[in-house]
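The structure appears right after this line, and notes come after that.
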Amino acid sequence: GAVVSQHPSRVICKSGTSVKIECRSLDFQATTMFWYRQFPKQSLMLMATSNEGSKATYEQGVEKDKFLINHASLTLSTLTVTSAHPEDSSFYICSASGLAGRDTQYFGPGTRLTVL
Amino acid sequence: GQNIDQPTEMTATEGAIVQINCTYQTSGFNGLFWYQQHAGEAPTFLSYNVLDGLEEKGRFSSFLSRSKGYSYLLLKELQMKDSASYLCAVELGAGNKLTFGGGTRVLVKP
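Listed in order, the protein sequences are those of chains A and B. Heads up: the first sequence begins at 6 in my numbering, then just goes up one per residue. Heads up: the second sequence begins at 10 in my numbering, then just goes up one per residue.
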C-alpha cells in the first residue's frame, strides 16, 4: 500500500520557538495532503487541507498565521508551528491522497510535539 | 455542525465478536471510512462503504445504512492485537475531506 512518512517523529522545543514538520508520500504523488491534530484520548481534528501549488484551506478556529502550511511538490507538505506554546503540544498527523477528490487517505506515523 | 457518534469504550474476550456502532448526522455524505489506531501510532485504513450493505474483509466487516445514518464495524475471532481505537470517519463531499468520530477504544481480554 501507499506509504507516508513524517519527520521528525518526536520534537521537544522551548516556548516561543518555531517547529517544522515534514510529510512525504514515498511511493505515490499526493495531490492533496491533510493535517490533523490529536490530543490525548481524543479523535483526529482536521486542521487544514493542502493542495499542491495552492494555498491551504484552514478549518474554522485554526490560525493560518500560526500554522503555516506549504505544499510545494506532489510528494512533500510541511507544517510549521510558529511561536509554539505549551497548549500546542499535541500529536500532529498528516495524510495524503493520490487522486484529487477521490482516494483513500493514507496516514503518516505522526509527530509528537512537546512545547516546554 | 457535524455529528458522528461512537461508543467511547468496549471490552471483549479473545476469540469473540465485537460490533462497534457509528451514527452520523452530517451536512453531506460521500462515503464512510473505518480506521484502526494503536496508541501513539497513525490510523490505518480498514474499510470504506459508500453503498448500503455489508462489506466483508477477512475478520473485519463493515455495514452501512445511508437512510438511517448508521454504520457498524464487526470484528470477528478477536485477537489480543485487535486492542486499539477504531475511528469512524465520514467523507462529507468532493475533496476527500474526512470528519472523524471520537473513536472507540476496544480492549481485548484473554
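Glycine included, each C-beta is placed from N, C-alpha and C at the ideal position. A quick note: this is a predicted structure, and the numbers were derived from the prediction, not measured.
Where residue i sits in the DSSP three-state scheme
{"i": "SER20/A", "result": "coil"}
{"i": "ASP14/B", "result": "strand"}
{"i": "GLU50/B", "result": "coil"}
{"i": "LYS90/B", "result": "helix"}
{"i": "THR92/A", "result": "Here residue 92/A is Glu; the residue named in the question, Thr, does not match the sequence. Three-state result, GLU92/A: helix."}
{"i": "LEU121/A", "result": "coil"}
{"i": "ALA105/A", "result": "Only weak support is given to the placement of ALA105/A: the predicted model assigns it a pLDDT of 48, under 50, and the question is left unresolved by the model."}
{"i": "ASP75/A", "result": "For clarity, residue 75/A is Asn in the given sequence; the question names Asp instead. Strand, per DSSP."}
{"i": "VAL86/A", "result": "strand"}
{"i": "ILE127/B", "result": "In this structure chain B extends from 10 to 119, so residue 127/B is not present and cannot be described."}
{"i": "ASN39/B", "result": "coil"}
{"i": "VAL99/B", "result": "strand"}
{"i": "ASN58/B", "result": "strand"}
Residue i versus residue j: straight-line alpha-carbon distance, rounded
{"i": "GLY24/B", "j": "HIS76/A", "result": "45 Å"}
{"i": "MET89/B", "j": "VAL117/B", "result": "5 Å"}
{"i": "GLN43/A", "j": "PHE96/A", "result": "5 Å"}
{"i": "LEU84/B", "j": "SER71/B", "result": "9 Å"}
{"i": "GLY6/B", "j": "LEU79/A", "result": "Since the first and last residues shown for chain B are 10 and 119, residue 6/B lies out of range."}
{"i": "GLN34/B", "j": "CYS97/B", "result": "13 Å"}
{"i": "PRO45/A", "j": "GLY67/B", "result": "31 Å"}
{"i": "GLY10/B", "j": "LEU51/A", "result": "14 Å"}
{"i": "ILE26/B", "j": "MET19/B", "result": "11 Å"}
{"i": "ALA51/B", "j": "ILE98/A", "result": "7 Å"}
{"i": "ASN30/B", "j": "THR22/A", "result": "42 Å"}
{"i": "ARG117/A", "j": "GLY62/B", "result": "38 Å"}
Chain B residues whose Cβ lies nearer than 9 Å to that of residue i
{"i": "GLN47/A", "result": "GLY111, GLY112"}
{"i": "ILE17/A", "result": "Those within 9 Å of ILE17/A in chain B number zero; the least Cβ separation is about 16 Å."}
{"i": "LEU51/A", "result": "LYS106, LEU107, THR108, PHE109"}
{"i": "SER102/A", "result": "ASN105"}
Chain-ordered neighbours of residue i on chain B, where CB pairs are closer than 7 Å
{"i": "GLN110/A", "result": "ASN105, LEU107"}
{"i": "PRO114/A", "result": "GLU50, ALA51"}
CB contact flag (residue i, residue j, <8 Å)
{"i": "LEU121/A", "j": "ILE26/A", "result": "no"}
{"i": "GLY113/A", "j": "CYS28/A", "result": "yes"}
{"i": "GLY102/B", "j": "ASN39/B", "result": "yes"}
{"i": "THR87/A", "j": "LYS71/A", "result": "yes"}
{"i": "ASP45/B", "j": "LEU55/B", "result": "Checking the sequence, you will find Gln at residue 45/B rather than Asp. Yes, the pair counts as a contact, with Cβ atoms nearer than the cut-off."}
{"i": "VAL67/A", "j": "ALA53/A", "result": "yes"}
{"i": "THR32/B", "j": "TYR95/B", "result": "no"}
Interface residues of chain A facing residue i [CB-CB closer than 7 Å]
{"i": "LEU41/B", "result": "Near LEU41/B there are no residues of chain A at all, since even the closest Cβ is about 12 Å away, more than 7 Å."}
Where residue i meets chain B, residues with beta-carbon distance less than 8 Å
{"i": "SER10/A", "result": "Per Cβ cutoff of 8 Å: no residues; SER10/A is ~10 Å from chain B at best."}
{"i": "ILE98/A", "result": "ALA51, PRO52"}
Any chain D beta carbon closer than 8 Å to residue i
{"i": "LEU96/B", "result": "Here the protein chains are A and B, and chain D is not one of them."}
Chain-ordered chain A contacts of residue i [CB-CB under 8 Å]
{"i": "TYR57/B", "result": "THR109"}
Requested in this report: Determine, using beta-carbon pairs with one atom in the segment 51-63 of chain A and one in the segment 28-40 of chain A, whether at least three such pairs fall under 8 Å.
Outcome: yes
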